[in-house]
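Below: the structure, in structure tokens.
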Amino acid sequence: MQATEEIGRRVLVLAPIGRDATTVADLLARADIVACICADYDALLAGLGEGAGAAFVAEEGLFGHDLDRLAGWVAAQPPWSDLPIAMLSSRHRHPQVTAWRRDQVARLGNVSLIERPVEPITLVSVMQAALRARKRQLEIRDFMQARAAAAASLEALVEQRTAQLQAVNLQLRDEMAERARVEESLRHTQKLESLGQLTGGVAHDFNNILMVISAGLEMLEMSDRPERRERMLRGMRQATQRGAGLTRQLLAFSRSRALRPETVHLPRLVGDMAELLHGSLRGDIRLQLELSPDLWPVLVDPGELELAILNLAVNARDAMAGSGTITISGRNVVEDAINETGEFVHLAIRDTGSGMSEEVQARVFEPFFTTKDVGKGSGLGLAQVYGFARQSGGSVAIDSEPGQGATITLRLPRSHQAPTASAGLESHVAEATGSSTDCVLLVEDDAEVAAFVEELLHGIGYEVIHAASAKAALGALANNRQMAFVFSDIMMPGGTSGIDLAREIRQRRPELPVLLTSGFAGAGGDEAAKLGIEILRKPYGLDDLRAAVARVRGAGPAAEHIASP
1361 MQATEEIGRR
1371 VLVLAPIGRD
1381 ATTVADLLAR
1391 ADIVACICAD
1401 YDALLAGLGE
1411 GAGAAFVAEE
1421 GLFGHDLDRL
1431 AGWVAAQPPW
1441 SDLPIAMLSS
1451 RHRHPQVTAW
1461 RRDQVARLGN
1471 VSLIERPVEP
1481 ITLVSVMQAA
1491 LRARKRQLEI
1501 RDFMQARAAA
1511 AASLEALVEQ
1521 RTAQLQAVNL
1531 QLRDEMAERA
1541 RVEESLRHTQ
1551 KLESLGQLTG
1561 GVAHDFNNIL
1571 MVISAGLEML
1581 EMSDRPERRE
1591 RMLRGMRQAT
1601 QRGAGLTRQL
1611 LAFSRSRALR
1621 PETVHLPRLV
1631 GDMAELLHGS
1641 LRGDIRLQLE
1651 LSPDLWPVLV
1661 DPGELELAIL
1671 NLAVNARDAM
1681 AGSGTITISG
1691 RNVVEDAINE
1701 TGEFVHLAIR
1711 DTGSGMSEEV
1721 QARVFEPFFT
1731 TKDVGKGSGL
1741 GLAQVYGFAR
1751 QSGGSVAIDS
1761 EPGQGATITL
1771 RLPRSHQAPT
1781 ASAGLESHVA
1791 EATGSSTDCV
1801 LLVEDDAEVA
1811 AFVEELLHGI
1821 GYEVIHAASA
1831 KAALGALANN
1841 RQMAFVFSDI
1851 MMPGGTSGID
1861 LAREIRQRRP
1871 ELPVLLTSGF
1881 AGAGGDEAAK
1891 LGIEILRKPY
1901 GLDDLRAAVA
1911 RVRGAGPAAE
1921 HIASP
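With my numbering applied, the sequence shown has no gaps in its numbers, which climb one by one up to 1925 at the end.
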């Protein structure tokens, strides 16, 4: 600030003739203006380099000098600077002198001409006006410098803050990476725990099943009493049914089991299940159905849906220590999404039982998780419901509080087709029984399984020719040998599967029915569907085989039904 004031009061005076310089300096000093007398043109240029508020120049002080130097200094001023110059003109009116003055005014920019003789008040007022203008310029300079300094300081601060943010971001990134590693390790641990729980549960249940079968076989060998043998056989049959059900629930949970989606009318399906549901509940539990006839049809596997409803009803029953009510209701729901609109039917099973805590709800769909006592539940019922809902293109949700009961809602996709009429199996039973001359080609590489299947086929009236491979089966069909149908396993050694065999039979003997079987979830499902061939999933019983044979022999090569596991 002090430098600006000092420079703003300083006037350079170049008047080399007579006493003009001292006179001007004296007049300016009386007006509190600092006058610096320059001895010559070079001194003026040096003074301009040091800084000045204005310049007072007698034109004769410029005669004969290289004025490009002064013009160059004027042109090189920074944008904020425009030095005021007062030029004292002589009395010469010669055209060349006039032209010279005009040229200097143009070259030197901010020039004011003062003609002789000069009144002191005029001189002082001109110089005061020049200094005021110069002061404004210097203030602008200081402001610009201050602004530049502030901008530099701000930029430095921004760089500092940016560096700090980068450091924080790096630290946060490292922490996120570490958290991801910890979460991945936790997920891995949870997977191992779930796998251990799953294998332990499967081993427990199947050990019980095997115990019944192995003990029953030993008792059969030891006992000769018909009623005792019948009791043992009944127990072993029930054990195998439990094993098949357990496998079925596991496949549903893993969503690897092939479903048979059909258009289903829910009020009709649940109504047909009413007797089964009543038989599965206690006498003190009331079943209430609230299914409006105008419910949309849904596209699901009806057998799996019945199993899901039964599992939910049994779980609801076990959640009620005393009397209570189980309500099955449904409603049509249109769900608006970002890109499309979904239409679903919400099928809800509500109970008045003990309800579930948040911790139980978080784990209720895990396989083998159960709150029941040991031996009173496998922990796969709700896992089957979850797997069925997801594999059907829907979902399942729980709404429950301790002591307030629970509502489990199945979200099922709407079908725009007419409901499928359920064809009973009874009409096919007679057709499934072969005559004494009917012969079946059984293709099975496992000798023990083949022996049992032969007995089953004998039980429904068929003679059996056994082939252990696809190649042997094609040999058995040579010379148009008559067969009622071909029953082949899908997975066989030798590089030729049951699907390949069925495809070859279709080319050679298109009129010959083919029935396939497999114990692998989903094996050959897509290829068999393209060929229109049914797959009977293992394990199966006599009634299952009889019904499948009836469908195959009734439908012939055009059958498109894929049996459920």
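Glycine included, C-beta positions come from ideal geometry on N, C-alpha and C.
Residue i - partner residues in DSSP beta bridges
i     : result
T1623 : L1659
T1313 : With the chain covering only 1361 through 1925, there is no way to say anything about residue 1313.
Q1648 : T1687
L1772 : V1705
I1397 : V1373
T1767 : R1710 and D1759
H1638 : Its beta-bridge partners do not exist; DSSP assigns none.
I1474 : L1448
I1573 : Per DSSP, none; premise fails for I1573.
F1416 : V1373 and A1446
D1678 : None, per the DSSP bridge assignment.
V1720 : Beta-bridge pairing links V1720 to no other residue.
L1801 : I1825 and V1846
V1518 : Answer by DSSP bridge pairing: none, since V1518 is not bridged.
Integer-rounded CB distance, given that residue j should sit under 8 angstroms from residue i
i     : j     : result
M1716 : S1689 : Not a contact, Cβ separation roughly 19 angstroms.
V1373 : A1381 : 5 angstroms
A1414 : P1444 : 4 angstroms
E1419 : L1448 : 7 angstroms
R1308 : R1677 : With the chain running from 1361 to 1925 in the structure shown, residue 1308 is simply not present.
L1820 : L1905 : The residue asked about is misnamed: residue 1820 is Ile in this sequence, not Leu. About 7 angstroms; that satisfies the 8 angstroms criterion.
L1801 : V1846 : 5 angstroms
D1798 : Y1822 : 5 angstroms
G1407 : K1495 : So it is not a contact: roughly 18 angstroms between Cβ atoms.
A1827 : G1854 : Their Cβ separation, rounded to whole angstroms, is 11 angstroms, which puts A1827 and G1854 out of contact at 8 angstroms.
S1673 : G1713 : Per the sequence shown, the amino acid found at residue 1673 is Ala instead of Ser. About 12 angstroms; that fails the 8 angstroms criterion.
Outcome for residue i when other beta-carbon atoms lying within 10 angstroms are tallied against a minimum of 16
i     : result
D1463 : exposed
M1536 : exposed
V1747 : The sequence as given places Gly at residue 1747; Val does not occur at that position. Result: buried.
T1522 : exposed
P1439 : exposed
G1684 : buried
N1692 : exposed
Q1744 : buried
Q1531 : exposed
P1662 : buried
I1377 : exposed
G1754 : buried
G1914 : exposed
A1385 : buried
A1757 : exposed
T1482 : exposed
F1423 : exposed
E1894 : buried
P1873 : buried
F1416 : buried
N1529 : exposed
Heavy atom of the ligand ZN within 6 angstroms of residue i beta-carbon
i     : result
A1446 : Among the components of this structure there are no ligands whatsoever, and the ligand ZN is therefore not found.
Query raised in the report: Using 8 angstroms as the Cβ pair cut-off and three pairs as the minimum, do the segment 1504-1519 and the segment 1464-1480 touch?
Result: No, because fewer than three Cβ pairs between the segment 1504-1519 and the segment 1464-1480 fall closer than 8 angstroms, the two stretches do not touch.
Requested in this report: Starting from the N-terminal side, write out each stretch of the beta strand (DSSP E) that is 3 residues or longer and does not extend beyond the segment 1429-1466.
Outcome: Fully enclosed beta strand (DSSP E) runs of 3 or longer: 1445-1449.
Report task. Examine the Cβ distances between the segment 1813-1822 and the segment 1830-1841 and report whether three or more of them are shorter than 8 angstroms. Result -> The segment 1813-1822 vs the segment 1830-1841: no contact.
Requested in this report: Decide yes or no for the touch test of the segment 1764-1777 against the segment 1700-1710: beta carbon pairs closer than 8 angstroms, at least 3 of them.
Outcome: yes
Query raised in the report: Would the segment 1619-1634 and the segment 1658-1674 be scored as touching if the rule is three or more Cβ pairs under 8 angstroms?
Result: yes
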